[in-house]
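Protein chains in written order, with the working numbering: chain A, 1 to 53; chain B, 1 to 287.
Structure follows, in structure tokens:
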């Protein structure tokens, strides 16, 4: 999958490496900013309140 | 090998070789086709397996990234938010940031009368004070926010249970905070020693609580938040402060509760207690 994507990126090798790095960075950013904070509400391991609050 | 009769001089077996070549070529072509077909078939399965493998590796990396986010990034993120909230509170705070001149030795500490208790704000997310706990570090100052929902605890740190009183009130001023992650505001709660001071600053002044004891309870034991902690129907006469957090660290099987009792109060106009004066001034200058 990743190989296929990489082969289909346009431009010379250095440009494809750059594009791939940008894609990875974008994915990490989306995960950290939106997906994980949303997912965090289902994570019971950091509940510090007491008495069913 | 058989000599071909008509071409005595011809090199040995050319016809045969040519005929053989032709046959071989078509055999080869057939073979290639078969191999290609097989390869396509195998290629499909192979691609599927490879895709599944790459997706699984990706899932593993994402889970690891989540752990990094939870244990590392949330602390940085919430730490910034909390620092900003403290700065903003300090900016709006009316009152001197230098402590009053110490009383001459032998005289009792100045008595400012019963503490002013601000009315309950009951608007989740509003920062109404700052807590200073020197045992957690001499620059430990964290905002006190109304409410204990995730929206408050995950960003601003120390949330007030809205069923509890405001700082200085007779009864129980109860606060929750994360042990780990999101600023880890109460990570060091187990290091409190009886006698340790917990200073609470509101717009009205400074409330000095003294840590008395801690207790480890089950997450369902809500009676630690009662006006007299764990005493049902008791009428409060003292001013308690209760801190709740997770126990053990990185777990939620239990809750760790720290109880403190108010010792003294001084209005904002009297300046901060000497022990936290430097930090109060630092927060003000950062604002």
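Just so you know, even glycine gets a beta-carbon here, dropped at the ideal spot from N, CA and C.
A quick note: this is a predicted structure, and the numbers were derived from the prediction, not measured.
Query                                                                                                                                            : Result
Contacts around residue 94 of chain B, its chain only, beta-carbon distance under 8 Å, and the 5 residues preceding and following it disregarded : 203, 268
Chain A contact for residue 222 of chain B (CB, 9 Å cutoff)                                                                                      : yes
Any C-beta of chain B under 9 Å from that of residue 30 of chain A                                                                               : no
Where residue 174 of chain B falls: helix, strand or coil (DSSP)                                                                                 : strand
Interface residues of chain A facing residue 179 of chain B [CB-CB closer than 9 Å]                                                              : 46, 48
Residue 105 of chain B classed as buried or exposed, judged by whether at least 16 other C-beta atoms fall within 10 angstroms                   : exposed
Spatial distance of residue 132 of chain B from residue 252 of chain B (CA atoms)                                                                : 25 Å
Rounded C-alpha distance that separates residue 291 of chain B from residue 63 of chain B                                                        : Only positions 1 to 287 of chain B appear in the structure, and residue 291 of chain B is not among them; the question remains open.
Reduced DSSP category for residue 112 of chain B - H, G, I as helix; E, B as strand; rest coil                                                   : coil
Sequence-distant residues of its chain with Cβ nearer than 8 Å to residue 271 of chain B (five each side left out)                               : 95, 96, 97, 98, 99, 100, 277
Classification of residue 45 of chain A by the beta-carbon crowding that lies within 10 angstroms, buried from 16 upward                         : exposed
Contact list for residue 150 of chain B against chain A, beta-carbon separation under 7 Å                                                        : 41
Residue 159 of chain B, enclosing beta strand (DSSP E) - first and last residue                                                                  : 158 to 160
Assigned exposure category for residue 247 of chain B - 16 Cβ within 10 Å defines buried                                                         : buried
Neighbourhood of residue 174 of chain B by C-beta, 6 Å cutoff - its chain only, sequence neighbours within 5 removed                             : 161, 164, 225, 242
The segment 182 to 191 of chain B contacting the segment 129 to 144 of chain B, beta-carbon criterion three pairs below 8 Å                      : yes
Extent of the continuous beta strand (DSSP E) to which residue 217 of chain B belongs                                                            : 205 to 217
Distance, residue 14 of chain A Cα to residue 23 of chain A Cα                                                                                   : 14 Å
Option nearest residue 32 of chain A by Cα separation, candidates B:51, B:43, B:71                                                               : B:71
Residue(s) in a DSSP beta bridge with residue 316 of chain B                                                                                     : Outside the displayed range of chain B (1 to 287) lies residue 316 of chain B, so it cannot be described from this structure.
Between the CA atoms of residue 78 of chain B and residue 88 of chain B - distance to the nearest angstrom                                       : 15 Å
Alpha-carbon to alpha-carbon, residue 48 of chain B and residue 6 of chain B                                                                     : Reliability of the predicted coordinates at residue 6 of chain B is poor, the pLDDT of 49 falling under 50, and the value obtained from them is presented with this limitation in mind. Each residue's Cα considered, the two are about 59 Å apart.
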